[in-house]
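Heads up, the sequence shown stops at 231 in my numbering, and the numbers go up one at a time, no gaps.
Read through the structure below, which is laid out as structure tokens, and then see the notes.
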Amino acid sequence: MCNNIEKLEEAIGYRFNDRKLIMQALSHSSYANEKKRPGGSNERLEFLGDSVLSIVVSEYLYTHLTNVAEGDLTKMRASLVCEKSLHIFAQQINLGDYLLLGKGEENTGGRERPSILADAFEAVIAAVYLDGGMEAAKKHILRFMPQDIETRKAPVFRDFKTVLQEVVQMNPEEKVEYVLIGAEGPDHNKRFVVEVCLNDQVIGRGKGRSKKEAEQLAAKEALELMGYETQ
Numbered sequence: 001m002c003n004n005i006e007k008l009e010e011a012i013g014y015r016f017n018d019r020k021l022i023m024q025a026l027s028h029s030s031y032a033n034e035k036k037r038p039g040g041s042n043e044r045l046e047f048l049g050d051s052v053l054s055i056v057v058s059e060y061l062y063t064h065l066t067n068v069a070e071g072d073l074t075k076m077r078a079s080l081v082c083e084k085s086l087h088i089f090a091q092q093i094n095l096g097d098y099l100l101l102g103k104g105e106e107n108t109g110g111r112e113r114p115s116i117l118a119d120a121f122e123a124v125i126a127a128v129y130l131d132g133g134m135e136a137a138k139k140h141i142l143r144f145m146p147q148d149i150e151t152r153k154a155p156v157f158r159d160f161k162t163v164l165q166e167v168v169q170m171n172p173e174e175k176v177e178y179v180l181i182g183a184e185g186p187d188h189n190k191r192f193v194v195e196v197c198l199n200d201q202v203i204g205r206g207k208g209r210s211k212k213e214a215e216q217l218a219a220k221e222a223l224e225l226m227g228y229e230t231q
């Protein structure tokens, strides 16, 4: 595995001081469960990496797109940090080749599954951040920013979470929260269930192969219940 880690370090342009961090970032929950290592998966790192990614991309767009309105910046950020984009970024460094998967995931194409690759990409960001700090994480993330970002127009992107947030912000006292209420099925075919709450009232529920997908579907259902067109 050491040789593989060295190849990955070369691919991302960063050498780890503590390789335990990158090993954890590559460990899918199916592998951690199979090896009976509670808390040994990349899920917590994914949580942190998601936040680091959002901060770096937000700062980058704010700095480079000085004449773009806030609403369009939000859409651009959403298009860059969504599962589809992270899957593409992960493919650029062949991240699937380095993942540690349980037998079920291995046998059902887990190395190529978009949700697994996107989550692992965020986990690697967190590993770089914890090992080398924000500047190292920033340097790593910015390698994946499109070269034509300054001439791009805001994408037509159906980010239901962003749309719902914009609707709710019309009433500043309102608060939206996404709650993971459970997961169904075996590790290699898991479905996450998320509820979206408005001031502690459930207004939508979604089920997806990743937490991000489930959140998007929960927001979509909430918008439909409010009478908004989501097609």
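From the three backbone atoms N, C-alpha and C, an ideal C-beta is built for every residue, glycine too.
Distance check for Leu223 and Leu80, CA to CA, integer angstroms please.
The straight-line gap from Cα to Cα measures roughly 23 angstroms.
Assuming Arg15 is part of the beta strand (DSSP E), what are its boundary residues?
Arg15 -> no beta strand (DSSP E), and no H or E assigned at all.
Check each candidate in Arg44, Gly110, Cys197 and Leu142 and name the one with the smallest Cα separation from Glu177.
Among Arg44, Gly110, Cys197 and Leu142, the Cα nearest to that of Glu177 is on Cys197.
What three-state label does DSSP hand Lys138 in the structure shown?
Helix.
Going by Cα to Cα distance, which pick from Glu105, Val163, His28 and Asn94 is closest to Ala218?
With distances taken between Cα atoms, Ala218 lies closest to Val163.
To which residues does DSSP link Glu184 through a beta bridge?
Beta-bridge pairing links Glu184 to Arg191.
For Tyr234, which three-state DSSP category applies?
Outside the shown range of the chain, which is 1 to 231, sits residue 234, and nothing can be said about it.
Taking 7 angstroms as the cut-off, is the C-beta of Gln169 nearer than that to any heavy atom in the ligand ZN?
Annotation note on the ligand ZN: not contained in the displayed structure, which lists no ligands.
Mapping the DSSP letters down to three states, classify Met27 as helix, strand or coil.
Looking at the sequence itself, residue 27 is Ser, so the reference to Met does not match. Strand at Ser27.
With respect to the beta strand (DSSP E) encompassing Gln201, which residues constitute its N-terminal and C-terminal limits?
Here the beta strand (DSSP E) through Gln201 covers Gln201 to Gly208.
Using a Cβ-Cβ cut-off of 7 angstroms (strictly less than) and excluding sequence neighbours within five positions of Tyr14, which residues of its own chain qualify?
So the qualifying residues of the chain are Val128, Gly132, Ala136 and His140.
Hey, would you say Glu213 sits closer than 8 angstroms to Ser115, going by beta carbons?
Yes, the pair counts as a contact, with Cβ atoms nearer than the cut-off.
What residue does the alpha helix (DSSP H) around Glu221 start on, and which one ends it?
Per DSSP, Glu221 belongs to the alpha helix (DSSP H) from Lys211 to Leu225.
Am I right that Ile88 and Ile12 are in contact with their C-beta atoms under 8 angstroms? What's the rounded C-beta distance?
That belief does not hold up - the Cβ atoms of Ile88 and Ile12 are roughly 15 angstroms apart, past 8 angstroms.
Quick one: Cα of Gly40 to Cα of Glu122, how far?
Roughly 16 angstroms separates the two Cα atoms.
What three-state label does DSSP hand Val52 in the structure shown?
Helix, per DSSP.
Less than 6 angstroms between C-beta atoms, sequence neighbours within five positions excluded: which residues of the same chain meet that for Ser210?
Ser115.
Taking Ser30 as the reference, give the member of Glu221, Leu100 and Ala90 with the closest Cα.
The shortest Cα separation from Ser30 among Glu221, Leu100 and Ala90 belongs to Leu100.
Taking DSSP as the reference, what is the three-state secondary structure of Leu21?
Here Leu21 sits in helix by DSSP.
For Arg143, which option in Lys175, Met170 and Ala90 has the closest C-alpha, if you only look at C-alpha atoms?
Arg143 has its Cα closest to that of Ala90, out of Lys175, Met170 and Ala90.
Comparing C-alpha positions only, which one of Arg191, Ile5, Val179 and Ala69 sits nearest to Met244?
Since the first residue of the chain shown is 1 and the last is 231, residue 244 is not available in this structure.
So, is Gln216 buried or exposed, given that buried needs 16 or more other C-beta atoms within 10 angstroms?
Answer is buried; the Cβ neighbour count reaches 16.
Which value, in whole angstroms, describes the spacing of the CA atoms of Glu174 and Thr74?
Their Cα atoms are separated by approximately 20 angstroms.
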